[in-house]
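Working notes, beginning with the structure itself.
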Amino acid sequence: MPGSSLVTFEVWSDSFKEGEWFVESLLASFSPKKTYRHNFQPVYKLQHPNKAESMLIEVYGDYGAWTEVPTPVVNLLSIGTPDAILLDPIANLPILAVEETAAVPTGNQALQRLERVWWAAETRVPFAYLIPEYGLHLDGGLRRNSIWPSYLALKLSMQYQIPSVTLMYGNEQHPSTYEVGPGMNLLASYASLMLRMHLHEATHNQEADLLKLIYLEMARFIRDHAEEITSHLPSRNRLNDEAAIELMIHRIRGHGRRS
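For the sequence shown, the working numbering gives the first residue as -13, with consecutive numbering after it.
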């Protein structure tokens, strides 16, 4: 906000609804308080961690509705449209991009939206993909998520040395239910941590501990579900190796962080 002494961040999103979901669900630990600028634009006041100061987050919904879109957001949108992007407008730096869907990626749909996952890594933006582990098909049958989104995220994290995570919610009894499973809680912890890391209010050890928890959950899902998807999975044996996960996190911490 022009003339404001508050630390200001922006959330660029596919819609105002998704931008509000990002702030209110994923940054809930900051106790955001919402007002509306010009009676339509959500603006949140957040408590700065460990300080008496406050922060602002301005939501810019509907990417195409704005005439001046920051260059890093334009770069991300050139390949796909993630649901929300958390941006430091002063540093012109994306802190985190998030894609959320209720569609279970199975069969040919397993590769849907994955161009956004890859392009975020290519442009060195941390990415989170939130998807249900189970979902009901139109034919009434239960479908389970494919291994490929999680497998790709692990490979991108190692190759590009930038965090890319796939998180799942719901179970067989409660398909596509946010409140069931670890996905939403892990994503909220992850988003909050990424903001705190950017503010230098969280430690690298905290980052490593959370990333290890997330990556081990991803590896467990791939390992347990791989036989139903493919008979050939390179480096499958490394999914049981915590040392391999720790090496990946070490590479991310040592080379992939920019702030």
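Glycine included, C-beta positions come from ideal geometry on N, C-alpha and C.
R206: CB within 7 angstroms of a non-hydrogen atom of the ligand SAH | This structure does not include the ligand SAH; it has no bound ligands of any sort.
Check the DSSP bridge columns for L42 and list the partner residues they point to.
-> T(-6), K31
Exposure of R206, with buried meaning 16 or more beta-carbon neighbours within 10 Å = exposed
Integer-rounded CB distance, given that S150 should sit under 8 angstroms from A212 | So it is not a contact: roughly 19 angstroms between Cβ atoms.
Are there 16 or more other CB atoms within 10 angstroms of the CB of S17, so buried, or fewer, so exposed?
-> exposed
In the structure shown, what three-state DSSP assignment does A14 receive?
-> helix
Put R110 into one of helix, strand or coil per three-state DSSP.
-> coil
How is A88 classed by DSSP in three states: helix, strand or coil?
-> coil
Is the distance from the Cβ of S15 to the Cβ of S178 below 8 angstroms?
-> yes
Residue range of the beta strand (DSSP E) that includes R130 = 128 to 130
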